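The listed protein sequences derive, respectively, from chains V and F.
Letter 113 of the first sequence, counting from 1, is numbered 113 in the numbering used here, and no numbers are missing.
Numbers in the numbering used here are just positions in the second sequence, counted from 1, shifted up by 1000.
The C-beta atom is built at its ideal place from N, Cα and C for all residues, glycine as well.
Small disclaimer: the values here were computed from a predicted structure and weren't measured.
Number of protein chains: 2
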Amino acid sequence: MRLAPPAGRAYTSPMPDPVAIPIPTLRRLPEYLRVFRDRRDAGDSWLSSEAVGQILGFGAVQVRRDLAAAGASGSPKCGYPVSETVRRLEALPGIRGLSAAILVGSGRLGEAVLADPGMERHGLRIEEIFDLSPDRVDRVLDGRRVLPLSRLPETVRRTGCRLAVLAVDPDQAGAASLALARAGIAGILDLSGAASPFPKDLLVRRFCFASGLAALAGELDARERKKNLDGFPRQT
Amino acid sequence: MRLAPPAGRAYTSPMPDPVAIPIPTLRRLPEYLRVFRDRRDAGDSWLSSEAVGQILGFGAVQVRRDLAAAGASGSPKCGYPVSETVRRLEALPGIRGLSAAILVGSGRLGEAVLADPGMERHGLRIEEIFDLSPDRVDRVLDGRRVLPLSRLPETVRRTGCRLAVLAVDPDQAGAASLALARAGIAGILDLSGAASPFPKDLLVRRFCFASGLAALAGELDARERKKNLDGFPRQT
DNA sequence: CTCTGTGAAACGATTCACAGCA
DNA sequence: TGCTGTGAATCGTTTCACAGAG
């Protein structure tokens, strides 16, 4: 149940290699946390991998593998202990560890980020709000005053934030990312939809509604063509 | 240049399988389109895979493979012909083909989707806006009147829309997805952050700011630990 | 000589099948 | 019997190395 070095794998560290969480798994972990929190709040004590899979649309085996990677263990016959699992998931770096972020951009998109009820549920917090347009600075949003970019370095130093959400217009993305990099931000969730290169040492994860939709359309198309070729996918 | 059946791979279809675009590629294609459009608007005629890779943070080989999958060809020494490549990318299903979508949810998140300048650039269009809250219905947003869910089936039938963006509160996601499925929608971009299961026959792609941020934090952490172990990653 | 295009190898994630425990 | 946990096989993408065209 602990870790039992399977067979090979003896590089330098006798430790279980807490690093080895695959990136796709990493992306799913927050979803698991949300599900387990829901169940905890609903008063349940146990939850099986199968049930989690059904809710999230993954396979049960994958759920078990992911949870194992996160350091969570379950009990045969019962499933996973809800509170304990929540605690394990929260203990992961990036889920509770690096939980503060800066928001750049206070337009509609930025407001939507602030209003996201998921933020709090994931244990995340927007520390400060910045904007590049002078006429947007000094407004009060969600209880915080919008700051000019010039205040960035100081804020990063003070809060120790390493993450930023970039919710500006595409043509401001370059300037903003530069400022963020200079201020010491390490990771950016870029919602701007800009097509410009970012500073190399920044870890950037992009998302934009339009790309997401376009990709979805493509996947849908691919899936339907596949169905037409296969006949029935599964029938035992 | 056409397709040349490599070696093995001869199941049933002697055809080039125009279906065979891998899903990760499919997700990147909209990004390429954006870059090539930018360059076209900037007046450039040629663009190399290396340059595209640098802008988007991918490897040059990957760019070439992706563009090849999309049916675009380049010329040695010059790179890819910008206008021609834009046309090729636009010709793909889901990039210009299935380009209309329905929006459910007219709160801040829905407004952000409507305001996304990327929408138009990707050739996408929000056909109609719906909401579950009666007091939000009948407002006019972005030139369109917000409709009640009861108008969904008719709208889907009329427009032939297969895609929907779900931008409602988490607790409304279940009801909304059910209505969408019943109305004949096939693919949903779910921005609600809900942890409830969706109808099985729907293709659902989820995104929420919080999960995205949390995953980013995790990736950042993983990357930094890796750096610490490796010494220098690249030095020839 | 530069940049595309591609077989083949390498890699990593998902799935399968089954061992083990309550 | 029900569910977790995991070696092993499978599947698919990314990367490498080089052939080929302008």
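Helix, strand or coil for residue 83/V per DSSP? In the first sequence, residue 83/V corresponds to position 83, counting from 1. Under the three-state reduction of DSSP, residue 83/V is assigned to helix.
With respect to 6 angstroms, is the separation between the Cβ of residue 1040/F and the closest non-hydrogen atom of the ligand COA below this value? Because no ligand of any kind appears in the structure shown, any question about the ligand COA cannot be addressed here.
Whole-number beta carbon distance between residue 1048/F and residue 1079/F, since they are thought to touch under 8 angstroms: In the second sequence, the residue the question calls residue 1079/F occupies position 79. In the second sequence, the residue the question calls residue 1048/F occupies position 48. Distance from residue 1079/F to residue 1048/F at the Cβ level is roughly 3 angstroms; contact confirmed, criterion being Cβ atoms closer than 8 angstroms.
Just how far apart, CA to CA, sit residue 1223/F and residue 1209/F? Here residue 1223/F is taken as the residue at index 223 of the second sequence, counted from 1. Here residue 1209/F is taken as the residue at index 209 of the second sequence, counted from 1. Spanning the two alpha carbons is a distance of roughly 21 angstroms.
Please compile the residues from chain F whose C-beta is within a distance smaller than 9 angstroms of the C-beta of residue 117/V. By one-based count along the first sequence, residue 117/V stands at place 117. Under the 9 angstroms cutoff, chain F gives 1169, 1170, 1193, 1210.
With respect to the beta strand (DSSP E) encompassing residue 101/V, which residues constitute its N-terminal and C-terminal limits? For this step, residue 101/V is matched to residue 101 along the first sequence. That run of the beta strand (DSSP E) goes 100 to 104.
Would you mind reading off the limits of the alpha helix (DSSP H) that contains residue 178/V? Against the first sequence, residue 178/V aligns to sequence position 178. Residue range 170 to 183 is occupied by the alpha helix (DSSP H) that includes residue 178/V.
CB contact check: residue 185/V to chain F, cutoff 7 angstroms: Counting from one through the first sequence, the residue named residue 185/V turns up at place 185. Contact with chain F is absent for residue 185/V, since none of that chain's Cβ atoms lies less than 7 angstroms from the residue's Cβ.
Three-state class that DSSP yields for residue 1137/F in the structure shown: For the purposes of this step, residue 1137/F is taken as residue 137 along the second sequence, with counting starting at 1. Three-state DSSP puts residue 1137/F in coil, outside helix and strand.
Cut-off 6 angstroms between Cβ atoms - residues of its own chain near residue 1013/F, not counting five sequence neighbours on either side: As a first step, residue 1013/F is located in the second sequence; it is residue number 13 there, counting from the start. Bear in mind that a pLDDT of 36 at residue 1013/F, under 50, signals an unreliable position, so the model cannot answer this.
Residue 1215/F CB to nearest chain V CB: under 7 angstroms? Numbered from its first residue, the second sequence carries residue 1215/F at position 215. Any Cβ of chain V closer than 7 angstroms to the Cβ of residue 1215/F would place that residue at the interface, and such an atom is present.
Could you name the residues that DSSP lists as bridge partners for residue 1127/F? Indexing the second sequence from 1 puts residue 1127/F at position 127. Answer is none; residue 1127/F lacks a bridge partner.
Any chain F beta carbon closer than 7 angstroms to residue 88/V: Looking up residue 88/V in the first sequence gives position 88. It does not; no Cβ of chain F falls within 7 angstroms.
When the distance is taken between beta carbons, is residue 1112/F closer than 7 angstroms to residue 1152/F? Against the second sequence, residue 1152/F aligns to sequence position 152. Against the second sequence, residue 1112/F aligns to sequence position 112. In this structure, residue 1152/F sits away from residue 1112/F, with a CB-CB distance that is not shorter than 7 angstroms.
Could you tell me the alpha carbon to alpha carbon distance between residue 53/V and residue 1142/F, rounded to whole angstroms? Stepping through the first sequence from its first residue, residue 53/V is reached at position 53. Stepping through the second sequence from its first residue, residue 1142/F is reached at position 142. The alpha-carbon atoms of residue 53/V and residue 1142/F are separated by roughly 38 angstroms.
Using 7 angstroms as the threshold, is the C-beta distance between residue 1131/F and residue 1137/F below it? Position 131 of the second sequence holds residue 1131/F. Position 137 of the second sequence holds residue 1137/F. Result yes, Cβ atoms of residue 1131/F and residue 1137/F sit closer than 7 angstroms.
When the cut-off is 7 angstroms and only beta carbons count, does residue 70/V lie next to chain F? Start at 1 with the first residue of the first sequence, and residue 70/V comes out as number 70. No, no contact with chain F.
Closer than 8 angstroms at the beta carbon, the chain V residues around residue 1038/F: Here residue 1038/F refers to the residue found at position 38 of the second sequence. Here the neighbours are 195.
For residue 41/V, does the three-state DSSP call read helix, strand or coil? Your numbering for residue 41/V matches position 41 in the first sequence. Look at residue 41/V here: in three-state DSSP terms it is helix.
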